[in-house]
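Worksheet: one structure, shown below.
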Amino acid sequence: MENLCPDCGQALMWESGVYVCNPCDNTFIKQGYCNTCSAQLERLQACGSTSYFCHECNELTSRSTANIVFEAKKRCLKDTVFPSARSHHRIVD
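Next comes the structure, spelled out in structure tokens:
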């Protein structure tokens, strides 16, 4: 199954733990939600298969029944480049 950008429909690339859309210049995370209660699911991976666990319903959910969405990854302030502040004060000895 190919992972497509929710904004432009182009294929997403897997880079450094996130999905990247080069045409949109957006970064996404793949998140699962419970079809019963809409709570965020915990992803469980073992022996090549992926399942999800809902802590609200206390049930294991298969990948085919979970609601899987791509959410825009929030940008961290440490990744933001700010213009350097110039001091207007002069120190006089």
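Heads up, the sequence shown is in my numbering, so the first residue is 495 and it goes up one at a time. No residue lacks a Cβ here, since even glycine has one placed at the ideal position from N, Cα and C. The structure displayed is predicted, hence computed values, not measured ones.
One thing to note: Cys548 has its Cβ no nearer than 8 Å to the Cβ of Cys518. Just so you know, the alpha carbons of Ile562 and Ser532 end up roughly 11 Å apart. Around Leu506, the same chain offers Asn497, Cys499, Tyr513, Cys515 as residues with beta carbons nearer than 6 Å, after the five sequence neighbours per side are excluded. Shown here, Thr555 sits in a strand according to DSSP, grouped into three states. In this structure, DSSP gives Leu535 a state outside helix and strand, which the three-state scheme calls coil.
Spanning the alpha carbons of Ser510 and Phe522 requires a straight line of approximately 11 Å.
In its chain, beyond the 5 residues on either side, Ser545 have a beta carbon closer than 7 Å to the beta carbon of Ser556.
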